[in-house]
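Novice: Per the working numbering, the sequence shown runs over residues 109 to 333. Quick one: the structure is below, and I'll ask about it shortly.
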Amino acid sequence: MTLQILLDAWITSGAFHDVNPPAPEAEIKTAEEKIGTPLPQLLCEVYQLFNGGWWWDLEFFTALEPKRYFYSLTDGNEQFIEDGWHIPKEIRLFAGMGGEEFFGIWLAETGNPIYNHPIIEVGELHDEGCMGVAGTNLLSFLHRWSAYHLVYDERDKLEEGGEELRRIQSALDMLQVPQSLRGEHFDDEMSPFRKWADPQLPNPYGDSYSQQYTIGDLKRLFGET
Numbered sequence: 109m110t111l112q113i114l115l116d117a118w119i120t121s122g123a124f125h126d127v128n129p130p131a132p133e134a135e136i137k138t139a140e141e142k143i144g145t146p147l148p149q150l151l152c153e154v155y156q157l158f159n160g161g162w163w164w165d166l167e168f169f170t171a172l173e174p175k176r177y178f179y180s181l182t183d184g185n186e187q188f189i190e191d192g193w194h195i196p197k198e199i200r201l202f203a204g205m206g207g208e209e210f211f212g213i214w215l216a217e218t219g220n221p222i223y224n225h226p227i228i229e230v231g232e233l234h235d236e237g238c239m240g241v242a243g244t245n246l247l248s249f250l251h252r253w254s255a256y257h258l259v260y261d262e263r264d265k266l267e268e269g270g271e272e273l274r275r276i277q278s279a280l281d282m283l284q285v286p287q288s289l290r291g292e293h294f295d296d297e298m299s300p301f302r303k304w305a306d307p308q309l310p311n312p313y314g315d316s317y318s319q320q321y322t323i324g325d326l327k328r329l330f331g332e333t
C-alpha cells in the first residue's frame, strides 16, 4: 500500500472532498520551524499530496497553517492545551474524528522496531491517562481507517445500488479490502480492520478511553527512556 493508492481510492470513492492543493516544500519547512522539530517523512509526503482536507464530515487532515478550519498542524496542540486537554510535546495533532477524539503522530524515532512514528489517539479526558495507540505507523493507520469507513458506506448503499455503490466498491478493491470484512460480515467493529491493516499493532482492541496511556506508558512501550 502506498499514499498515492490511498489518495486515488479516496478520490474514486467520491467521499474525499474539499481538499486543499499540495503544500509547497517551503511551507513544510516553515511549519517544521514553528513546531521546532522535523516532521516524519511520511507525514511530509502526505502534505506534498494535499495540504489538509475534509472527508465526509470529518476534518480528516489538518492543514499545515490555519486556513478555513478551526486548528492546524502548527497551532492545534496549543489550542487544545488552552482548552484543558493534555497534549504532550512528543506528539503533534494532525486529524480529528468530528467528535471527542483526535489523532497525533509521535515525532521522535522509537527504540521498538514495531513502531515507526506511531499514531496516538487522544481522548477528551483532560488528564495524563488520555491516550491510546491507534497505529504502528501512519500508512497502516490511514489504510485501516479508510477501509473501515468505506465498508461502512458500502453497507449503507448495498440495497439501493447505483453509481455511488460502484465507486465505493472500486475504492475498496483498490485498497485490497478482503470480502471477509465487507457486506454481511461487517459488524461495526474496528478491531478486525486493525488486525488486517496493522498486524503488528500489539493491542488491536480498545481506544484512548480504555487504554488510558500516559506519556510515560507510551515512552516505555516505544522503547524510550
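Cβ atoms here follow ideal geometry from the backbone N, Cα and C, with glycine treated the same way.
Which word fits Pro226, buried or exposed, when buried means at least 16 other C-beta atoms lie within 10 angstroms of its C-beta?
Specialist: The residue in question, Pro226, is buried, as its Cβ has 16 or more Cβ neighbours within 10 Å.
Novice: Could you tell me how far apart the beta carbons of Val259 and Phe294 are, in whole angstroms, since I believe they sit closer than 8 Å?
Specialist: Right, the Cβ-Cβ distance comes to about 5 Å (below 8 Å), so this counts as a contact.
Novice: Considering only C-alpha positions, which residue in the set Phe301, Glu292, Glu271 and Glu272 is nearest to Gln284?
Specialist: Minimum Cα distance to Gln284 is reached at Phe301.
Novice: State the Cα-Cα distance for the pair Trp304 and Cys238, rounded to the nearest angstrom.
Specialist: Cα to Cα, Trp304 sits roughly 25 Å from Cys238.
Novice: For His194 and Gly204, what's the separation of their Cα atoms in angstroms?
Specialist: Going by the C-alpha atoms only, they are around 16 Å apart.
Novice: Specify whether the stretch 267 to 277 and the stretch 241 to 257 touch according to this definition: at least 3 beta carbon pairs, one from each stretch, less than 8 Å apart.
Specialist: Result no; under three Cβ-Cβ pairs closer than 8 Å.
Novice: Does DSSP put Val285 in a helix, a strand or coil?
Specialist: If DSSP states are grouped into helix, strand and coil, Val285 belongs with coil.
Novice: Going by DSSP, name the residue or residues bridged to Gly212.
Specialist: Paired residue(s): Leu201 and Ile228.
Novice: Distance, Cα to Cα, Leu201 vs Tyr179?
Specialist: Leu201 and Tyr179: Cα-Cα distance of roughly 9 Å.
Novice: Could you give the DSSP three-state label for Trp163: helix, strand or coil?
Specialist: Looking at Trp163 - three-state DSSP - the assignment turns out to be strand.
Novice: If we call anything under 8 Å between Cβ atoms a contact, is Ser316 one with Glu209?
Specialist: Yes. Within cutoff.
Novice: Hey, would you say Phe211 sits closer than 8 Å to Ile228, going by beta carbons?
Specialist: In this structure, Ile228 lies closer than 8 Å to Phe211 by Cβ.
Novice: For Val94, collect the residues of the same chain with a Cβ closer than 7 Å to its Cβ; drop the 5 residues on either side in sequence, then sort them by chain order.
Specialist: Residue 94 lies beyond the residue range present for the chain, which begins at 109 and ends at 333; the question has no answer from this structure.
Novice: Can Thr244 and Leu309 be called in contact, C-beta distance under 8 Å?
Specialist: Yes, these two residues count as a Cβ contact at 8 Å.
Novice: Contact check, Ile213 vs Leu151 under 8 Å by CB: the rounded distance?
Specialist: 6 Å between Cβ atoms; contact.
Novice: Give the straight-line distance between the Cα atoms of Arg263 and Thr322, rounded to the nearest whole angstrom.
Specialist: Cα to Cα, the separation comes out at about 37 Å.
Novice: Could you check if Ser299 is buried or exposed, using at least 16 other CB atoms within 10 Å of its CB as the buried criterion?
Specialist: So Ser299 counts as exposed.
Novice: For Leu66 and Glu141, what's the separation of their Cα atoms in angstroms?
Specialist: In the structure displayed, the chain extends from 109 to 333; residue 66 sits before or after that span and is not available.
Novice: Measuring alpha carbon to alpha carbon, tell me which residue in Glu190, Pro196, Val154 and Leu181 is nearest Asp325.
Specialist: The shortest Cα separation from Asp325 among Glu190, Pro196, Val154 and Leu181 belongs to Pro196.
Novice: Quick check on the DSSP output: the beta strand (DSSP E) that includes Gly243 runs from which residue to which?
Specialist: Element bounds for Gly243: Met239 to Gly243.
Novice: What residue does the alpha helix (DSSP H) around Gly184 start on, and which one ends it?
Specialist: Note, Gly184: alpha helix (DSSP H), Gly184 to Glu190.
Novice: Rounded to whole angstroms, what's the CA-CA distance from Ala216 to Pro148? Just pull it up for me.
Specialist: Roughly 8 Å between the two C-alpha positions.
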